[in-house]
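Here's the structure, in structure tokens; my notes come after.
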Amino acid sequence: MEIYLFIVIILIVFAISDLMVGVSNDAVNFLNSAIGSKVAPRHIIMIVASIGILIGTTFSSGLMEVARKGIFNPDQFILPEIMIIFLAVMITDVLLLDLFNTFGLPTSTTVSIVFELLGAAVAISVIKINNTTENLGDLIKYINTSKALVIISGILLSVVISFTCGAVVQFLTRLVFTFNFQKRLKRYGGIWAGIALTIMTFFILLKGAKGSSFMSNETSEWIVDNLYLLAVLFFLFWGILFQILLLFTKINIFKPIVLIGTFALALAFAANDLVNFIGVPLAGLSSYILGTQSANPSELLMGALNNPVQTNTILLLIAGVIMVLTLWKSKKAQTVTKTELDLARQTEGFERFESSTLSRTIVRMSISLFNGFQKITPGVIKKFVNSRFDHSAYTQLNDNNKEENSQSWDLLRASVNLTVSSILISIGTSLKLPLSTTYVTFMVAMGSSLADRSWGRESAVYRVNGVFTVIGGWFFTAFMAFTVAGVFALIIHFGGIAAIIALVLLAGYTIFRTQVLHKSREKEKELISKKALTVTSAPTAIDAWMKEIEQYLLLVAQNFSFTLDSLFNEDRVNLKQSKKDSKKMKKMTTLLVSDIFHAVKLLDMDDLKGERRYGKIIASIQEIHANLRSVSQRCFDHVDNNHNKPSEGEIDDLKSLNKILTDRVVLAKNIFATRDFTNIEEFKKSIDDFNETVKLLDENQLARIKEDTGGSRNSLLFLGILSDTENISNHITNLVNFCKKSFGTTQEGDKAK
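Heads up: the sequence shown is residues 343 to 1095, going by my numbering.
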């Protein structure tokens, strides 16, 4: 039994790890509506969610059976086979969820655990069938196919239903309240509060009655039998209470609705998804205990796992404490949360995802369909609907003029997201389906953002592609969970203890590497996200993006120098990194351009006249980036194709080119640092010096070509770099000149009007 005890210990360790990575991914389910709407300071939101998690863990006891018998038939497997299945599942789950957390993609812990159990059980079943006279048609004897199909179909169906319900309910709610909803709260606020809070209370009671570890059977049965009566009573109670508050106080009723909804979803997450993290290890522990009570554990069929289970409340609370601590500390949870905030935010801005052929096609089809629908819609209806969706009444809340503290959507939409998610999960629970709370909450949020016209022509293709990327990740989750768990089960079956140790070490190393990668990605995002999008005065906005130009130019010089040094050393790895770095600078270019647009919006019309050339400034920034990428690509292609290293003369000339470009960048950077465009004689002189150097280097290369001392590939590379560098230099000159015309100063720091 020592080997099984060893496996149980590993399962417990992985249970703790799985709690951490699982919470990091699923925090998006219950935090986003509150965080996106800025309903309260972050620590208040976290306290409410933490209480919900702790209470919710005590409601999850009954659902633990899913890990024991929901996917496969345990009475067909002996103890060693069951332990292999459980171990393969836990290793796969931790690795898979950690991978998604690293890249900030919300996925379903329910889908992952279901398909991992399915994959590992199928792998072991195939081995059993292969060792007997049975055939693959007998697989149905080992796998609970009917239950598995119900779970899978319920999860997939919830994606479509959640998106549709979120869009429809948000459209109708916005039609009633509009973006200027404060004026209509006294008329309809009590009704909406009654509906929303009744659904959330109904939801909490339903979750409590289904799986509580401390609620008596009589109490649970009474609640279930009287749910509809309770719903009517709660509607009257909440509706009358909040209508009175609206009439006699200045309370914003959406705040308690959103906070109660956050509590309810946090409770649902813990009650519904805790089985995904500790259900398998607890089932493994139960199996081990059964094995110790058997005279021949290696031949013991595990039919006892079919018996009802009631998990100890203390164990559930310990799991809850780990989940709460992770919620407060996890950086990856914030990364996953930001993905949904970016995709559903009301305002335009930097888009994390690029467009794709599929997203462009869908947007074009949607526009055509919408235009066709508009043609047959009476003008009075169109006018009425457009008036109810007037975005000019939307005021974005912001704290400390920082983008991460800005409101992504208003409290009305947050309340819709939570209300619709609650009722959909309630329905799924009543039908005994372990729905994916991630799928439901994410798709409701996407549907409501579509209905709220957050996906305008400026952002639709990027948002749609982002949604498809996340959904594609969900299918990837299912495929990888099934495949990897099956492969790991086979490895453990044939490799024994050595294979177990190797897989555990692999999991540890992989998690360490993803932590390093995540920190690197976060530093990169922090570097490119220091922008002025949320400032409210033109001078502050202009000052902010001029500081960004300083940083931008320095990064250009650093990347250029790094690329040439890597070329001289024929370092393909560094050149590949240089390519990636120059590509990443596209994000900074986009942010910089976005900030310029923001500054222009804040300027008075008088400040937009005359010699101000904002279009030229933007063009120069974009061209500098384009030519920098060209240099990186040229150098990488040259080394990647194993062409000859540049000659000593070419290297010396390129070093001279690098020095003079760096000198020009430093001079330009100093001008932007001081905001003083009146004394730029040294910068003007550097233009002539640069042009003379380029002319000399061009002549040197032509001489080498004539003397046939350099190959044609080297010559093409040299002249290409020379041309790109000249373009970079010219656009740096243009950038300084255009900014001088637009923001020239009479003395340091004094902006001319």
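C-beta atoms are modelled at their ideal positions from N, C-alpha and C, and glycine is treated no differently.
Discussion item. Counting C-beta neighbours from all protein chains within 10 Å, is the total for Y484 16 or more, i.e. buried, or is it exposed?
Written reply: buried
Practice prompt. Could you tell me whether the Cβ atoms of A827 and L353 are closer together than 9 Å?
Written response: no
Worksheet item: Per DSSP, what kind of secondary structure is I767 in: helix, strand or coil?
Response: Reduced to three states, the DSSP call for I767 is helix.
Worksheet entry | Spatial distance of V722 from N486 (CA atoms) | 56 Å
Worksheet item: When you compare only the Cα positions, how much space is there between L848 and F457?
Response: Taking the straight line from one Cα to the other gives about 21 Å.
Item to complete: Would you mind giving the Cβ-Cβ distance between I345 and I839, rounded to the nearest angstrom? I have them listed as a contact below 8 Å.
Response: 7 Å
Fill in: Neighbourhood of I541 by C-beta distance below 6 Å, restricted to the same chain and skipping five residues each side
T761, S764, I765
Worksheet item: In whole angstroms, what separates the C-alpha of G789 from that of F505?
Response: Rounded to whole angstroms, the separation of the alpha carbons of F505 and G789 is 5 Å.
Discussion item. Taking the beta carbon of N759 as the centre, do at least 16 other beta carbons fall within 10 Å, making it buried, or is it exposed?
Written reply: Counting other Cβ atoms within 10 Å of its Cβ, N759 reaches 16 or more and is therefore classed as buried.
Item to complete: Counting only the same chain and skipping the five closest in sequence on each side, list residues whose C-beta sits under 6 Å from that of T520.
Response: R730
Worksheet item: How about G808 and F611: are their beta carbons less than 9 Å apart?
Response: no
Worksheet item: Which same chain residues, not among the five before or five after R914, have their C-beta less than 7 Å away from its C-beta?
Response: Around R914: V981, D982.
Worksheet item: Around the Cβ of I497, are there at least 16 other Cβ atoms within 10 angstroms (buried) or fewer (exposed)?
Response: buried
Worksheet item: Mapping DSSP to helix, strand and coil, what is I413?
Response: coil
Worksheet item: Regarding I993 and the ligand MN, is the C-beta to nearest heavy atom distance less than 8 Å?
Response: This structure simply doesn't include the ligand MN, nor any ligand for that matter.
Worksheet item: When DSSP labels each residue in this structure, what does I485 get in the three-state scheme?
Response: strand
Worksheet item: Going by C-alpha distance, which of S750, N638, V942, T783 is nearest N367?
Response: Residue T783 is the option with its Cα nearest to N367.
Discussion item. Alpha carbons only, please: which of V858, G850, N1000, V678 is nearest the one belonging to F904?
Written reply: Selection V858, G850, N1000, V678 evaluated against F904 yields N1000 as nearest (Cα-Cα).
Fill in: Option in K1026, L1061, E1034, D1031 with minimal Cα separation from Q1043
Residue L1061 is the option with its Cα nearest to Q1043.
Worksheet item: How about I395 and L700: do their beta carbons lie closer than 9 Å?
Response: No, the Cβ-Cβ distance between I395 and L700 is not below 9 Å.
Discussion item. Taking the alpha helix (DSSP H) that F476 belongs to, which residues open and close that run?
Written reply: A small fix is needed here, since residue 476 is Glu in this sequence, not Phe. E476 -> no alpha helix (DSSP H), and no H or E assigned at all.
Discussion item. With H, G and I counted as helix, E and B as strand and the rest as coil, what does DSSP make of L306?
Written reply: Since the first residue shown for the chain is 343 and the last is 1095, residue 306 is missing from the structure and cannot be characterised.
Worksheet item: CB-CB under 7 Å to V350, same chain, minus the five flanking residues each way: which ones, in chain order?
Response: G626, L627, Y630
Item to complete: Buried or exposed for A844, please, with buried defined as at least 16 other CB atoms from any protein chain shown within 10 angstroms of its CB.
Response: exposed
Practice prompt. Could you check what DSSP says for I420 in three-state terms: helix, strand or coil?
Written response: Correct three-state label for I420: strand.
Worksheet item: Thinking just about the alpha-carbon of each residue, which of T1020, V1078, F818 is nearest to the one in V1008?
Response: Cα-wise, what sits closest to V1008 is V1078.
Worksheet entry | Closest Cα partner of A961 within the set V453, V829, I1070 | That would be I1070, whose Cα lies nearest to the Cα of A961.
Worksheet item: Within 10 angstroms of its Cβ, does Q716 collect 16 or more other Cβ (buried), or is it exposed?
Response: The residue in question, Q716, is exposed, as its Cβ has fewer than 16 Cβ neighbours within 10 Å.
Worksheet item: Three-state secondary structure (DSSP) at Y630?
Response: helix
Worksheet item: Alpha carbon to alpha carbon, how far is T719 from L447?
Response: 39 Å
Discussion item. Using the Cβ count rule (16 or more neighbours within 10 Å means buried), how would you classify K724?
Written reply: exposed
Worksheet item: What is the rounded straight-line gap between the Cα of Q919 and the Cα of I709?
Response: 40 Å
Worksheet entry | Straight-line Cα distance separating G581 from I537 | 8 Å
Discussion item. I need the boundaries of the alpha helix (DSSP H) containing F445, first residue and last residue.
Written reply: Looking at the DSSP string, F445 is not in any alpha helix (DSSP H), and its letter there is neither H nor E.
Discussion item. Using only the alpha-carbon positions, how far apart do S672 and H860 sit?
Written reply: 12 Å
Practice prompt. Would you decide whether M362 is buried or exposed? Buried here means 16 or more other CB atoms lie within 10 Å of its CB.
Written response: buried
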